[in-house]
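*Asks:* Numbering that gives the first Met the number 0 applies: residue 0 is where the first sequence begins, and numbers increase by one. Every residue gets a Cβ at the ideal spot worked out from N, C-alpha and C, and that includes glycine. Have a look at this one before I ask anything.
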Amino acid sequence: MNSFSIPLPKEFNFEHHLTHLKRSPKELLHTCVEDEVFKLIAINDNKILFKIKCIDKSHLLITILNKKINESTKSELEKYILEWFDLDKDIRPFYTLAAKDKFLKPVIQKFYGYRIVGQPDLFESLVWAVIGQQINLSFAYTMKQRLVEGFGERLEFKEKIYYMFPKPERIASVTHDDLLPLQFSRQKSKYAIGIAEAFVSGQISKDKINDLPWDEALNELIKIKGVGQWTANYALLRTFRYPNAFPLGDAGINNAIKKILNLDRRPTTEEVIKYFKKYKGWEAYATLYLWKMI
DNA sequence: CGCCAGGTTAGAG
DNA sequence: CTCTAACATGGC
């Protein structure tokens with residue numbers, strides 16, 4: 000078996016996801032070629048290189064390129080893709096809410112079918128969030144690129160190299176001297192290594208967090224140095240796709256609310272919370288479309 | 001040059 | 001509990 004398909008909900012538009020996936024030329028963790036996305040992941044320590052194409056807007060065609068896979072690997076890969084594009088969620092209730100919001104309504108219409116672009120790897124979510132703290136996205140991508148090139152596993156296939164995000168074991172074994180040349184600050188270097196150690200020691204794992212209710216999951220994540228409210232919520236949004244997670248204080252959200260409320264200053268926390276009230280239970284999706292707004 | 005960027009921590013008041 | 005400096009550097 001080297002290909003299979005996944006049926007799509009009506010409220011899904013692959014084009015919007017492609018646009019998002021193509022947003023940085025420095026991205027090494029997937030490769031977009033026209034309307035196809037290539038990605039390398041590990042399933043039970045096996046490197047699986049696959050590509051995704053959308054057929055007739057009704058299903059995704061998944062083709063595994065580097066080997067034949069068995070039923071259980073196929074099932075893991077399918078699960079991965081459902082998480083990556085948040086396909087197992089019925090987002091119609093959110094659209095019903097957003098239709099009543101005159102600011103978000105046009106954004107919803109323009110990006111109809113855009114879902115959370117998940118990050119199934121929790122370690123990657125947390126480290127990426129830490130890298131992105133307080134710096135612009137472009138520089139954040141440069142740092143991630145260097146980290147992935149320096150410590151990520153890779154597979155060469157038809158003259159091209161495909162990368163995976165570094166494993167916690169690898170980052171737990173590096174020192175400041177390895178990360179500072181990548182232009183990590185001392186603080187970020189410490190955070191990244193600390194997060195890796197938390198995974199290696201078993202203090203934290205995706206399975207462990209997965210079984211917890213939202214608030215307990217948040218508390219577990221915040222125990223790690225470098226992971227505050229913003230980062231924890233970001234991970235809960237991207238990795239676990241909790242529909243009610245959202246990074247309060249986020250600069251993108253603040254800018255969107257500033258525009259909506261027509262302010263000449265940054266909105267206060269209360270103003271942001273007040274705006275989000277109407278999206279109770281769907282804060283993650285409101286966030287997603289607010290980010291699209293600007 | 002100055003200010004802000006997908007924040008967090010430790011320390012002071 | 002709230003406020004602030006420090007963190008490091010790119011982009012505009």
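Count the other CB atoms, across all protein chains shown, that sit within 10 Å of the CB of residue 54; report buried if there are 16 or more and exposed otherwise.
*Replies:* Counting from 1 along the first sequence, the entry for residue 54 is found at position 55. Looking at its Cβ environment, which holds fewer than 16 other Cβ atoms inside 10 Å, residue 54 is exposed.
*Asks:* Return the bridge partner residues of residue 10 from the DSSP annotation.
*Replies:* What you label residue 10 is simply residue 11 of the first sequence in a count that begins at 1. Per DSSP, none; premise fails for residue 10.
*Asks:* Report yes if the C-beta of residue 189 is less than 7 Å from at least one heavy atom of the ligand GDP; otherwise report no.
*Replies:* No copy of the ligand GDP occurs in the structure displayed, which carries no ligand at all.
*Asks:* Is the segment 114-130 in contact with the segment 232-249, if contact means three or more CB pairs nearer than 8 Å?
*Replies:* Yes: the two stretches touch, three or more of their Cβ pairs being nearer than 8 Å.
*Asks:* Measuring straight from C-alpha to C-alpha, what distance separates residue 102 and residue 139?
*Replies:* Position 103 of the first sequence, counted from the start, is the residue given in the question as residue 102. Position 140 of the first sequence, counted from the start, is the residue given in the question as residue 139. Using only the alpha carbons, I get a separation of about 30 Å.
*Asks:* Can you give the Cα-Cα distance for residue 39 and residue 52, rounded to whole angstroms?
*Replies:* Translated into the one-based positions of the first sequence, residue 39 becomes position 40. Translated into the one-based positions of the first sequence, residue 52 becomes position 53. Straight-line Cα distance between these residues: approximately 15 Å.
*Asks:* Under the three-state reduction of DSSP, which class applies to residue 152: helix, strand or coil?
*Replies:* Sequence index remark: in the first sequence, residue 152 carries index 153 (1-based). Coil.
*Asks:* Using C-beta distances below 8 Å, list every residue in its chain close to residue 153, excluding the 5 sequence neighbours before and after it, in chain order.
*Replies:* In the first sequence, the residue the question calls residue 153 occupies position 154. Cβ neighbours of residue 153 beyond the five flanking positions: 39, 160, 161, 162, 163.
*Asks:* At which residues does the beta strand (DSSP E) containing residue 35 begin and terminate?
*Replies:* Within the first sequence, numbered from 1, the residue matching residue 35 stands at position 36. Start and end: 35-42.
*Asks:* Please report how far the alpha carbon of residue 181 lies from the alpha carbon of residue 28, in whole angstroms.
*Replies:* In the first sequence, the residue the question calls residue 181 occupies position 182. In the first sequence, the residue the question calls residue 28 occupies position 29. Answer to the nearest angstrom: the Cα atoms are 18 Å apart.
*Asks:* What are the complete alpha helix (DSSP H) segments, minimum 4 residues, inside the segment 224-290?
*Replies:* The qualifying runs are 228-237, 250-259, 268-275.
*Asks:* Name the DSSP beta bridge partners of residue 47, please?
*Replies:* As a working note, residue 47 is residue 48 in the first sequence. Partner(s): 40.
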